[in-house]
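Beneath this line is the structure, given in structure tokens, with notes to follow.
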DNA sequence: TTGTATGCGTTATCAT
DNA sequence: ATGATAACGCATACAA
């Protein structure tokens, strides 16, 4: 009732050729040789009729949906405040556009992982999968990998079974915490970015411990709490530590988002950064340079991460088998003002 | 080479029935009556074989891709810092899941609107379109609407031609600015959230002017600047105003994201909020309660906006023709500390 | 109650 | 250099 659908037959009729010819011309099929005149005629009429090949028909016969799937392993409630996500989308849309593909996105809640994206894949909705924030307890992932379904992780799981693009969370975290130690801090609290099932959270916490150990500082359970992506969790966990009476002079928040909440708790309890407490985050969200105080943090090249993951997936879809399973991108400690203890926060 | 593809034929064979029966059972076709025994047998074997209908084949024959398209009218560079987007995704994924549909996302750059999503639609990749942040100069939109393609806007365009879900940007902005005026401010700067081609930006600016006029205050061009979504733009524009020497005691930033940047400029120039300058934002991003100072802002129910838009689209796809073209959701002024001039920012 | 036959719009394999 | 024809996997009208 609504859209006038133009088929390749219509184009063929209008151009006085067969459907085959239309297909040959429009797909620029290598072997087929079409007279320049016919080629132009087909192209012109196709354009004038506004012909666009039917995606479903094409997918059905070519066995390629031309769609990349981005699946985020997050609970529903956490996605709304995931300021990291837009950067991932930017990178992936970029790659998709460059390769004439589309981007389908979905989330999979930790509790029903098994069914969730198996469906997506089995229905051949997508040709390949980018999984953001893989969890250690993900079972469906193994299944898909066993079937040789093209998968690239943004993030990483232990071992090098999967194609992955990530930063070295552990050493970056260690580096950040060592920076605090060099600044003279001995009692450093840590609020993770998420629960430890998320490998990135586990790794960052491990880096925190490593830094402590390397410098001969004791790991104090009372200074460690688990965040859950949100600023709110950062606020709550930090407040708990403060109210518990535990002493500390610095905080390592394992994501910027969480760091914002930590900062709020510090401000509220008159322990504000940088004068009274040093604070360091992780991610370098676009707005982290503009919050008060500007946040010292670990820069994660999020868009580039996504771009690499996308390109890697495209390579695999084209039949290549890249040697290198894991790509680790560089992080950099961005020094701003949130851990310049004693200095003015205005530079 | 990779995935074992299970077709309805396989299920039929294994269950000792015909493909038709399989289809009838699995789709729960109303009229067809299948013996309970056969029905169970089909369901069981389908499940044990891990059968999932092929999306392309189904789409081809049913003329329904079962995919919702979310298109953001944004330049590429702005999406990465769009902290509003995750909320939109959450709401839309919600609706998609509830209706057994998928979500495809794309962006369309202002410069090549015409081609961009026409393709998406013509290829029948998506059954309906949700357009976030429509621009006044969008031409492709008209084309699609003329073809009766199902479209719902998140945001609005003048008139009630399109199905739209939005907040009343103008009156919300007016309300916010009037709050500042009631607080005693007479010189109020305004940094918009985006350039005026975006209807939300234009509306919010109009609300700002209305508030001024209603209270008999003059509109001063020197106090108004256009942001472009990012905190960075807020910072830059605010700094320009400050350096221009224009006087003001309050700022209305037309998005929280921009407000963060404004705040940074104020802090840097020793005009920090709330002591020296009142600041009010727009959106109420999840982290706005946690920045320093906690931001007074207009709460926009972003997730709900998306959910409504999604549900409206689903209704339309099911053949309904909802009477009401425009749904306006309530906003609320959230009073935090960024405009409590003279008071402590800690409550 | 279940099976047969047909078509959806495309690409790919053959002929011509 | 171009055209017939056969799949792709499913849903559906119709037959049995």
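Residue numbers (this note's numbering), protein chains in the order written: chain P, 163 to 509; chain U, 163 to 509.
Glycine included, each C-beta is placed from N, C-alpha and C at the ideal position.
is_contact[residue i, chain U] using C-beta, thresh 7 Å
i, result
"residue 231 (chain P)", "no"
"residue 453 (chain P)", "yes"
"residue 271 (chain P)", "no"
"residue 413 (chain P)", "no"
"residue 314 (chain P)", "no"
"residue 179 (chain P)", "no"
"residue 245 (chain P)", "yes"
"residue 429 (chain P)", "yes"
"residue 491 (chain P)", "no"
Contact set between residue i and chain U, taken where Cβ atoms lie within less than 7 Å
i, result
"residue 419 (chain P)", "449"
"residue 217 (chain P)", "285, 286 and 287"
Pairwise C-alpha distance: residue j and residue i
i, j, result
"residue 207 (chain U)", "residue 178 (chain U)", "10 Å"
"residue 272 (chain U)", "residue 332 (chain U)", "23 Å"
"residue 190 (chain P)", "residue 180 (chain P)", "16 Å"
"residue 420 (chain P)", "residue 390 (chain P)", "8 Å"
"residue 463 (chain P)", "residue 408 (chain U)", "38 Å"
"residue 365 (chain P)", "residue 238 (chain U)", "32 Å"
"residue 279 (chain P)", "residue 351 (chain P)", "37 Å"
"residue 489 (chain P)", "residue 324 (chain P)", "11 Å"
"residue 196 (chain U)", "residue 310 (chain U)", "38 Å"
"residue 267 (chain P)", "residue 375 (chain U)", "46 Å"
"residue 486 (chain U)", "residue 228 (chain U)", "24 Å"
"residue 442 (chain U)", "residue 326 (chain P)", "42 Å"
"residue 404 (chain P)", "residue 349 (chain P)", "13 Å"
"residue 495 (chain P)", "residue 396 (chain P)", "21 Å"
"residue 512 (chain U)", "residue 371 (chain P)", "Since the first residue shown for chain U is 163 and the last is 509, residue 512 (chain U) is missing from the structure and cannot be characterised."
"residue 165 (chain U)", "residue 172 (chain U)", "Because the pLDDT of residue 165 (chain U) is 48, which lies under 50, any placement of that residue in the model is unreliable, and the number read from its coordinates should be weighed accordingly. So the two alpha carbons sit approximately 15 Å from each other."
"residue 312 (chain P)", "residue 230 (chain P)", "10 Å"
"residue 282 (chain P)", "residue 308 (chain P)", "16 Å"
"residue 470 (chain U)", "residue 457 (chain U)", "27 Å"
"residue 226 (chain U)", "residue 477 (chain P)", "30 Å"
"residue 192 (chain P)", "residue 263 (chain P)", "21 Å"
Min CB distance residue i to chain P below 7 Å
i, result
"residue 204 (chain U)", "no"
"residue 248 (chain U)", "yes"
"residue 395 (chain U)", "no"
"residue 423 (chain U)", "yes"
"residue 187 (chain U)", "no"
"residue 426 (chain U)", "yes"
"residue 173 (chain U)", "no"
Beta-carbon spacing of residue i, residue j below 7 Å
i, j, result
"residue 481 (chain U)", "residue 257 (chain U)", "no"
"residue 321 (chain U)", "residue 296 (chain U)", "no"
"residue 440 (chain U)", "residue 501 (chain U)", "yes"
"residue 290 (chain P)", "residue 474 (chain P)", "no"
"residue 242 (chain P)", "residue 248 (chain U)", "yes"
"residue 414 (chain P)", "residue 385 (chain P)", "no"
"residue 245 (chain U)", "residue 447 (chain U)", "yes"
"residue 373 (chain U)", "residue 339 (chain U)", "yes"
"residue 201 (chain P)", "residue 184 (chain P)", "no"
The ligand NAD heavy atom lying under 6 Å from the CB of residue i
i, result
"residue 488 (chain U)", "Summarising the ligand content, the structure contains no ligands, and the ligand NAD is consequently not present."
Contacts of residue i in chain P (Cβ-Cβ under 8 Å)
i, result
"residue 264 (chain U)", "266, 268, 282 and 287"
Partner residues on chain U for residue i, Cβ-Cβ distance less than 8 Å
i, result
"residue 465 (chain P)", "242"
"residue 301 (chain P)", "Near residue 301 (chain P) there are no residues of chain U at all, since even the closest Cβ is about 14 Å away, more than 8 Å."
"residue 222 (chain P)", "216, 218, 219 and 222"
"residue 238 (chain P)", "252, 255 and 256"
"residue 392 (chain P)", "448"
Chain U residues whose Cβ lies nearer than 9 Å to that of residue i
i, result
"residue 212 (chain P)", "280 and 284"
Interface residues of chain P facing residue i [CB-CB closer than 7 Å]
i, result
"residue 227 (chain U)", "218"
Three or more C-beta pairs below 8 Å linking the segment 347-358 of chain U and the segment 382-402 of chain U: yes
Three or more C-beta pairs below 8 Å linking the segment 217-225 of chain P and the segment 213-232 of chain U: yes
Cβ pair count under 8 Å reaching 3, the segment 414-432 of chain P against the segment 250-264 of chain P: no
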